[in-house]
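Counting along the sequence shown from 1, when you hit position 200 you're at 244 in this note's numbering, and nothing is skipped either side.
Here's the structure we're looking at; comments come further down.
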Amino acid sequence: MNDMRSTLVEIDNPGLALRHRPLSLLATSWPWRCLAHLLTTPVVAVVWLLTCWILFPLAVRPLGRVERWRLRLVDRHAAPDPHTEPATGGIHEWVRHRLHEQITWTELLYGLLLILMSVLEWAVLVLALLLPTILATAAGLNIALLALGVEPSVVDQTSGPLQYDMIAQICLLALGLVLLTAGMYIVTLTAEAHRQLARFLICVPESGLVEQVDGLARSRERVTTAFDAERRRIERDLHDGVQQRLTSLVMTLGVLKYQHEHGEDIVPIIDQARNDAQDAVDELREIVHGIYPSALREHDLPDALDDLVCRARATGLTVTSDIDVAQDLPADTEVGLYFAVSELFTNIIKHAGAASASLTVRHDPDMTIVVTVSDNGRGGAQPRGSGLIGVVDRIETLGGRVRISSPAGGPTRIILEVPCASS
Numbered sequence: 045m046n047d048m049r050s051t052l053v054e055i056d057n058p059g060l061a062l063r064h065r066p067l068s069l070l071a072t073s074w075p076w077r078c079l080a081h082l083l084t085t086p087v088v089a090v091v092w093l094l095t096c097w098i099l100f101p102l103a104v105r106p107l108g109r110v111e112r113w114r115l116r117l118v119d120r121h122a123a124p125d126p127h128t129e130p131a132t133g134g135i136h137e138w139v140r141h142r143l144h145e146q147i148t149w150t151e152l153l154y155g156l157l158l159i160l161m162s163v164l165e166w167a168v169l170v171l172a173l174l175l176p177t178i179l180a181t182a183a184g185l186n187i188a189l190l191a192l193g194v195e196p197s198v199v200d201q202t203s204g205p206l207q208y209d210m211i212a213q214i215c216l217l218a219l220g221l222v223l224l225t226a227g228m229y230i231v232t233l234t235a236e237a238h239r240q241l242a243r244f245l246i247c248v249p250e251s252g253l254v255e256q257v258d259g260l261a262r263s264r265e266r267v268t269t270a271f272d273a274e275r276r277r278i279e280r281d282l283h284d285g286v287q288q289r290l291t292s293l294v295m296t297l298g299v300l301k302y303q304h305e306h307g308e309d310i311v312p313i314i315d316q317a318r319n320d321a322q323d324a325v326d327e328l329r330e331i332v333h334g335i336y337p338s339a340l341r342e343h344d345l346p347d348a349l350d351d352l353v354c355r356a357r358a359t360g361l362t363v364t365s366d367i368d369v370a371q372d373l374p375a376d377t378e379v380g381l382y383f384a385v386s387e388l389f390t391n392i393i394k395h396a397g398a399a400s401a402s403l404t405v406r407h408d409p410d411m412t413i414v415v416t417v418s419d420n421g422r423g424g425a426q427p428r429g430s431g432l433i434g435v436v437d438r439i440e441t442l443g444g445r446v447r448i449s450s451p452a453g454g455p456t457r458i459i460l461e462v463p464c465a466s467s
């Protein structure tokens, strides 16, 4: 029954291997992976000790990266970087942001503990592996010498002591092998303790992951609610607007037919029918624009964003733009970015009190679209305020993130990052 349960458990770290498959542990790769992890710990600790005095405490970030990479040896679960990027550029902003991150200080604590752990882990390697290996090797060599290097006459004359020495060496060899086997279990336990400490101090905690998942779920729920509201709006607009205009057009065409049959002047009726049809088309186009903007139907994303910039300039706002997107993007990404930028410009015009703004769009080599919208307004924008919640929801639904820097008094800088591949 226990074997059946163990086969159903995904063994992705040495702790689970010890718990569910202790007898077959040495037949797996975990002891050797743990050994590699323990052997490299002192190397990392020495390099960290030499560099931390120069870059203290900012050297903890490369240490964290190395340790999260090394964690792959003893943990198959991904260890994403918990650091966040500052909303604005500049070395001073970067340093300030790093010093205010909690993960910076937990990585510093981990770095101090790593020095102690490297000493303890080397002691474990010496006591649990090196000494038993020396014992077993020496006993094996003695057995070989006794078996091959003694003359028969000597054997006959000293059969008692020689037999005693051979048995003693065989016992020592067996003892060394038993200690070596136990040592591999001790190495695995030590590496598992190190893994748990690293997971606790330098990785995103499970509670943080749960919070991120909950945040995404809330964003998707808001998007779904907004979609339902938009669908009801479209139904209402079609019923109250377009349908009424089309009904009026049908009635006008009926009057046109009647007057034509009776030889009356039909030119005014034709003009009225044309106006009714044009009004229906205009209203339908306005409704459809809320679903898929006409600018994207007729142009690509850079041209559509240029159109938004021109509209913003028409309000008297000074806007500079630098748009560099070399590849086509998935349709949902283009629509999401278009509406997000449109909403940001609307917020600037209505609420920021800004005289100038800028739009920058870059397609990074790692297949991430980075959109930066800045203004010199009064600042104080809140990520969960009514003006930005829709933007955040749109970007998070696309798997991206929004970074906002908007101190009181301005300026405001909003960065949209959306991972994507070319369509």
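Ideal Cβ placement from N, Cα and C applies to all residues, glycine included.
This one's a predicted model, so the numbers in the text were calculated from it and none came from an experiment.
Are the beta-carbon atoms belonging to residue i and residue j less than 9 angstroms from one another?
i, j, result
"Gly59", "Gln240", "yes"
"Ser402", "Thr390", "no"
"Ile459", "Ile448", "yes"
"Ala180", "Leu143", "no"
"Ile413", "Leu381", "yes"
"Thr234", "Cys78", "yes"
"Asn420", "Gly454", "yes"
"Ala103", "Gly155", "yes"
"Thr456", "Ile393", "no"
"Leu158", "Trp92", "yes"
"Ser400", "Val363", "yes"
"Thr404", "Ser450", "no"
"Leu115", "Val88", "no"
"Glu236", "Leu117", "no"
"Leu25", "Glu145", "Within the shown structure, residues of the chain are numbered from 45 to 467, placing residue 25 beyond reach of any answer."
How is the beta strand (DSSP E) around residue i delimited, first residue to last?
i, result
"Arg447", "Arg445 to Ser449"
"His407", "Ser400 to His407"
Can you grab the Cα-Cα spacing for the pair residue i / residue j, in whole Å?
i, j, result
"Gln207", "Thr232", "Because the pLDDT of Gln207 is 48, which lies under 50, any placement of that residue in the model is unreliable, and the number read from its coordinates should be weighed accordingly. One C-alpha to the other measures close to 38 angstroms."
"Ile147", "Arg357", "42 angstroms"
"Asn57", "Leu388", "46 angstroms"
"Ala123", "Ser162", "21 angstroms"
"Thr377", "Phe383", "10 angstroms"
"His136", "Leu442", "31 angstroms"
"Leu82", "Pro75", "10 angstroms"
"Trp113", "Glu461", "24 angstroms"
"Arg243", "Trp166", "21 angstroms"
"Cys96", "Arg105", "11 angstroms"
"Asp372", "Asp119", "38 angstroms"
"Ile214", "Glu111", "42 angstroms"
"Ile367", "Pro374", "17 angstroms"
Should residue i be labelled buried (16 or more other beta-carbon atoms within 10 Å of its own) or exposed?
i, result
"Cys354", "exposed"
"Val385", "buried"
"Ile211", "exposed"
"Ile98", "exposed"
"Pro66", "exposed"
"Gln322", "exposed"
"Leu189", "exposed"
"Met228", "buried"
"Glu440", "buried"
"Gln426", "exposed"
"His238", "buried"
"Thr85", "buried"
"Pro176", "buried"
"Val379", "buried"
Mapping the DSSP letters down to three states, classify residue i as helix, strand or coil.
i, result
"Thr128", "coil"
"Val414", "strand"
"Val369", "coil"
"Asp320", "helix"
"Val385", "helix"
"Thr364", "strand"
"Pro58", "helix"
"Asp419", "strand"
"Asp437", "helix"
"Asp119", "coil"
"Glu342", "helix"
"Lys394", "helix"
"Arg65", "coil"
"Gly453", "coil"
"Leu82", "helix"
"Pro374", "coil"
"His306", "coil"
"Leu297", "helix"
Let's see if you can read the secondary structure: which residues bound the alpha helix (DSSP H) around residue i?
i, result
"Arg105", "Val104 to Arg114"
"Ala358", "Leu345 to Ala358"
"Thr456", "Element bounds for Thr456: not the alpha helix (DSSP H) but the beta strand (DSSP E), Thr456 to Pro463."
"Ala235", "Ser203 to Ile246"
"Asn186", "Leu175 to Leu192"
"Gly424", "Per DSSP, Gly424 belongs to no alpha helix (DSSP H) and is neither H nor E."
"His141", "Ile135 to Leu143"
"Gly155", "Gln146 to Leu169"
Is the closest heavy atom of the ligand HEM to the C-beta of residue i under 8 angstroms?
i, result
"Pro126", "Here there are no bound small molecules, and the ligand HEM is not part of this structure."
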